[in-house]
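Reading through the structure tokens given below for one structure.
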Amino acid sequence: MSDTILDSSPAGEGYFQQSRRPLASLLFALPLLAVYELGVVLQGTGAILNGADVWLRQLLGAFGVASSIALPASIVGILLAWHHTTTQPWRVRSSVLGGMAIECALLAAVLLAGVHVQRRLFDWLDVPLVVLSTAEIIAQQASHGSLREGFAHLVSFFGAGVYEETLFRLMLLPACTLALRAAKVRPRTSVVVAVCVTSALFSAAHHVGAFGEPLDPFRITFRFAAGVFFSALFLFRGFGIAAGTHALYDVFAAWS
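When we follow the working numbering, the leftmost residue of the sequence shown carries the number 12, and every step to the right adds one.
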């Protein structure tokens, strides 16, 4: 099995090294991507499209690329090209993918706990909340509906995990960092600033457009903090862990 992508042999690098590989991220994110894409097709006009998905397809459309498979194919291509540049082996132990699922679940639980901590802090500071918190909004939307609507939300959660992490972490974070480095900003400073800028954009993106949420200090600050959290996961644990944690957080928030 040593010459296959999924290697069941125990030899080689440890879990934390292998799970950071772009190839591992691709293999781990593929089921999320497949569920979202197939779910959108099955739901037809009633599908809940992720905003980042729509924006990225519009970007491709501006360059004359209108194929429905162009965007998911681009994500696959980016991760394959990234892995190629690392010169790392084209193998991932099969047990690593299971470990990544467990890690994402634990990290999503940590982020969900952060919501409750922030809520208590806002209550203690007597900060007025004119709308529900982010987790409460997700839970309310997913719990009050039919099984079909629940499936639609699950599909959208997987789409958020893949496409929002693609836009804000896989694309914008490195682009912003490189732009700052080109402007002669120090390496560490450029990363910190890029994380803050892309996290602010991530937070703001949820409040624009026809389906944008009302401005609220709780959700603005939490999503900024979540953006920093996902950025740290992307930088230190890889795209797959960031995308999986994002998707599972939305699932946990909906049914917690």
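For each residue, glycine too, the CB sits at the ideal point set by N, CA and C.
Top-ranked residue by Cα proximity to residue i, from the options
i            : options                           : result
arginine 159 : Ala236, Leu53 and Val138          : Leu53
alanine 35   : Gly62, Ala81, Gly110 and Ala45    : Gly110
glutamate 24 : Ala237, Val76 and Val103          : Val103
serine 267   : His217, Ala236, His218 and Leu122 : Leu122
glycine 161  : Val76, Leu70, Ile59 and Val219    : Ile59
Between the CA atoms of residue j and residue i - distance to the nearest angstrom
i                 : j                 : result
proline 83        : valine 128        : 36 Å
leucine 90        : threonine 188     : 18 Å
proline 225       : alanine 215       : 11 Å
aspartate 134     : isoleucine 231    : 16 Å
leucine 184       : leucine 244       : 12 Å
valine 196        : valine 202        : 9 Å
valine 138        : phenylalanine 233 : 14 Å
phenylalanine 213 : glutamine 99      : 31 Å
methionine 182    : asparagine 61     : 17 Å
arginine 131      : glycine 125       : 10 Å
aspartate 328     : alanine 194       : This structure leaves residue 328 out entirely; the chain is present only between 12 and 267.
alanine 146       : alanine 265       : With a pLDDT of 48 at alanine 146, under the threshold of 50, the modelled position of that residue is not reliable, and no figure is offered here.
tyrosine 260      : alanine 236       : 14 Å
glycine 50        : serine 78         : 17 Å
Residue i and residue j closer than 8 Å at C-beta
i             : j                 : result
serine 106    : arginine 180      : no
arginine 248  : serine 30         : yes
alanine 163   : glycine 55        : no
leucine 9     : leucine 118       : The chain is shown from 12 up to 267; residue 9 falls before or after that span and cannot be answered.
leucine 67    : leucine 178       : yes
alanine 120   : phenylalanine 229 : no
glycine 251   : alanine 81        : no
tryptophan 93 : proline 33        : yes
Same chain, Cβ closer than 7 Å to residue i, five either side skipped, listed in chain order
i                : result
histidine 257    : Ala171, Gly172, Glu175, Glu176 and Phe241
tyrosine 47      : Val166, Phe169, Gly170 and Val173
leucine 191      : Ser201, Val204 and Ala205
alanine 254      : Ala40, Leu43, Gly172, Val173 and Glu176
histidine 218    : Glu224 and Leu226
phenylalanine 27 : none
leucine 71       : Ala81 and Leu82
Neighbourhood of residue i by C-beta distance below 8 Å, restricted to the same chain and skipping five residues each side
i            : result
threonine 97 : Arg32 and Pro33
**Request:** Taking 8 Å as the threshold, find out whether the segment 113 to 132 comes into contact with the segment 206 to 213 through three or more Cβ pairs.
**Result:** no
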